[in-house]
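Since the structure comes first, as structure tokens, the remarks are kept for the end.
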Amino acid sequence: MNKSISINADLGEGGVYDETLMPYINSCNIACGGHFGTKATIKKTLLFAKEYNVKSGAHPSFPDTDNFGRKVISITKQDLKTSILEQLLLFYKVCKDLEVEVNHVKPHGALYNYAAIDAPTADAIVEAILDSGKRPILYTLENTILHKKAENLMPIHFEAFIDRTYTDIGALVSRKEPHALITNPDKAWTQFYNMVVNKIIVSESGNKIPCNASTFCIHSDTENSVEILKYIVRKAEEHNITLQ
Numbered sequence: 313m314n315k316s317i318s319i320n321a322d323l324g325e326g327g328v329y330d331e332t333l334m335p336y337i338n339s340c341n342i343a344c345g346g347h348f349g350t351k352a353t354i355k356k357t358l359l360f361a362k363e364y365n366v367k368s369g370a371h372p373s374f375p376d377t378d379n380f381g382r383k384v385i386s387i388t389k390q391d392l393k394t395s396i397l398e399q400l401l402l403f404y405k406v407c408k409d410l411e412v413e414v415n416h417v418k419p420h421g422a423l424y425n426y427a428a429i430d431a432p433t434a435d436a437i438v439e440a441i442l443d444s445g446k447r448p449i450l451y452t453l454e455n456t457i458l459h460k461k462a463e464n465l466m467p468i469h470f471e472a473f474i475d476r477t478y479t480d481i482g483a484l485v486s487r488k489e490p491h492a493l494i495t496n497p498d499k500a501w502t503q504f505y506n507m508v509v510n511k512i513i514v515s516e517s518g519n520k521i522p523c524n525a526s527t528f529c530i531h532s533d534t535e536n537s538v539e540i541l542k543y544i545v546r547k548a549e550e551h552n553i554t555l556q
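Throughout, this note's numbering is defined as the position within the sequence shown, counted from one, plus 312.
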């Protein structure tokens with residue numbers, strides 16, 4: 313079996329494992345001011361990525377540092393678009409200064425989840441990217457409103473999550489719920505293997521959901537994130553799964 317996929321991680325969010333995770337990932341999503349991040353933190357994370365030859369992308373959020381971007385906030389579409397564009401341009405500026413290519417954009421937290429089901433939110437993201445002057449890859453869930461809005465306008469890589477559990481309809485279980493996170497390396501590997509090899513996501517209740525993802529995310533603040541990735545990279549090699 314030969315399969316080529318990539319692993320990505322959300323970084324530049326004030327965590328302590330950013331550099332430690334770099335050898336085990338292929339791309340990183342760097343907070344750029346909405347939920348966390350400044351020019352200095354973006355630069356620090358980009359330098360790690362450059363050192364380890366990891367592709368870098370912007371990780372914009374609702375402008376909501378109080379809730380770390382994990383709560384849907386009341387904001388007009390225009391104001392949201394303006395905020396996302398400002399975040400992207402800040403990230404692009406630091407990339408240009410460091411001569412780092414912008415690989416992708418991946419929305420963060422509540423913005424990511426809400427854009428999957430809300431058209432104005434999806435439009436704000438797509439329009440901000442189009443107005444930014446670049447056409448990076450968009451990381452998003454398949455068969456969502458954001459996917460449909462971005463289709464034919466920019467390259468898209470479908471994403472799935474190594475360290476999150478799923479509902480029967482393919483949505484992520486809320487972080488407010490118990491068992492929303494997968495922190496056991498063996499359970500994370502089982503989920504990863506099912507998504508990559510069997511092309512399914514197994515929900516909490518055992519429902520099998522089709523999975524066509526090509527990039528797989530782990531959160532840097534997930535308990536045991538480093539141990540999980542080390543285990544998955546080792547097991548992937550044993551199963552001839554190429555990470556690139």
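Don't be surprised by glycine CBs; every beta carbon is placed ideally from N, CA and C.
Report the rounded CA-to-CA distance for residue i versus residue j, giving the unit in angstroms.
{"i": "Lys-383", "j": "Ala-422", "result": "5 Å"}
{"i": "Phe-374", "j": "Thr-388", "result": "11 Å"}
{"i": "Met-313", "j": "Pro-335", "result": "Low per-residue confidence applies at Met-313: pLDDT is 49, beneath 50, and the placement is therefore not dependable, though the value from the model is reported in the following sentence. Rounded to the nearest angstrom, the two C-alpha atoms are 24 Å apart."}
{"i": "Asp-359", "j": "Leu-410", "result": "Per the sequence presented here, residue 359 reads as Leu, with Asp not at that position. Their backbone Cα atoms lie some 8 Å apart in a straight line."}
{"i": "Leu-392", "j": "His-551", "result": "43 Å"}
{"i": "Ala-548", "j": "Val-509", "result": "10 Å"}
{"i": "Arg-546", "j": "Trp-501", "result": "10 Å"}
{"i": "His-469", "j": "Asn-320", "result": "12 Å"}
{"i": "Ile-474", "j": "Ser-486", "result": "15 Å"}
{"i": "Lys-356", "j": "Lys-408", "result": "14 Å"}
{"i": "Lys-511", "j": "Ser-395", "result": "36 Å"}
{"i": "Ile-342", "j": "Thr-350", "result": "10 Å"}
{"i": "Ala-525", "j": "Ser-316", "result": "11 Å"}
{"i": "Ala-370", "j": "Pro-419", "result": "8 Å"}
{"i": "Tyr-404", "j": "Pro-448", "result": "11 Å"}
{"i": "Met-507", "j": "Gly-518", "result": "14 Å"}
{"i": "Gly-482", "j": "Ser-444", "result": "31 Å"}
{"i": "Ser-318", "j": "His-347", "result": "25 Å"}
{"i": "Ala-352", "j": "Asn-379", "result": "21 Å"}
{"i": "Gln-556", "j": "Asn-338", "result": "6 Å"}
{"i": "Asn-425", "j": "Leu-458", "result": "10 Å"}
{"i": "Gln-399", "j": "Val-328", "result": "23 Å"}
{"i": "Val-514", "j": "Lys-499", "result": "12 Å"}
{"i": "Asp-533", "j": "Gln-390", "result": "31 Å"}
{"i": "Ser-332", "j": "Lys-460", "result": "Reading off the sequence shown, one finds Thr at residue 332, where the question assumed Ser. Roughly 36 Å between the two C-alpha positions."}
{"i": "Phe-504", "j": "Ile-544", "result": "8 Å"}
Check the C-beta distance from residue i over to residue j and give it rounded, since I have them as a contact under 8 Å.
{"i": "Phe-528", "j": "Ala-440", "result": "No, Phe-528 and Ala-440 are not in contact; Cβ-Cβ is about 25 Å, not under 8 Å."}
{"i": "Leu-450", "j": "Ala-462", "result": "5 Å"}
{"i": "Leu-465", "j": "Leu-442", "result": "7 Å"}
Along the chain, where does the alpha helix (DSSP H) that runs through residue i open and close?
{"i": "Ala-434", "result": "431–443"}
{"i": "Tyr-426", "result": "421–427"}
{"i": "Lys-511", "result": "No alpha helix (DSSP H) contains Lys-511, which DSSP labels as neither H nor E."}
{"i": "Glu-331", "result": "330–333"}
{"i": "Leu-397", "result": "389–410"}
Ends of the beta strand (DSSP E) at residue i?
{"i": "Cys-529", "result": "527–531"}
{"i": "Ile-354", "result": "Segment 351–363 is the alpha helix (DSSP H) holding Ile-354; no beta strand (DSSP E) there."}
{"i": "Lys-461", "result": "Note, Lys-461: premise wrong, no beta strand (DSSP E); alpha helix (DSSP H) at 457–462."}
{"i": "Glu-471", "result": "468–473"}
{"i": "Ala-492", "result": "Unbroken run through Ala-492: none, as it is neither H nor E."}
Suppose contacts are defined by Cβ-Cβ distances below 8 Å. Is residue i in contact with residue j by that definition?
{"i": "Ser-368", "j": "Val-417", "result": "no"}
{"i": "Asp-330", "j": "His-531", "result": "no"}
{"i": "Tyr-478", "j": "Ile-429", "result": "no"}
{"i": "Cys-340", "j": "Pro-372", "result": "no"}
{"i": "Asn-455", "j": "Thr-495", "result": "no"}
{"i": "Lys-446", "j": "Val-414", "result": "yes"}
{"i": "Pro-497", "j": "Ile-553", "result": "no"}
Could you please give me the residues that DSSP links to residue i through a beta bridge?
{"i": "Ile-481", "result": "Partner(s): none; Ile-481 has no beta bridge."}
{"i": "Thr-554", "result": "Ser-316"}
{"i": "Asp-322", "result": "Asn-341, His-531"}
{"i": "Leu-453", "result": "Looking at the DSSP assignment, Leu-453 forms no beta bridge with any residue, so it has no partner."}
Does the beta carbon of residue i come closer than 8 Å to any beta carbon on chain B?
{"i": "Pro-372", "result": "Absent from the structure is chain B; it holds one protein chain and no more."}
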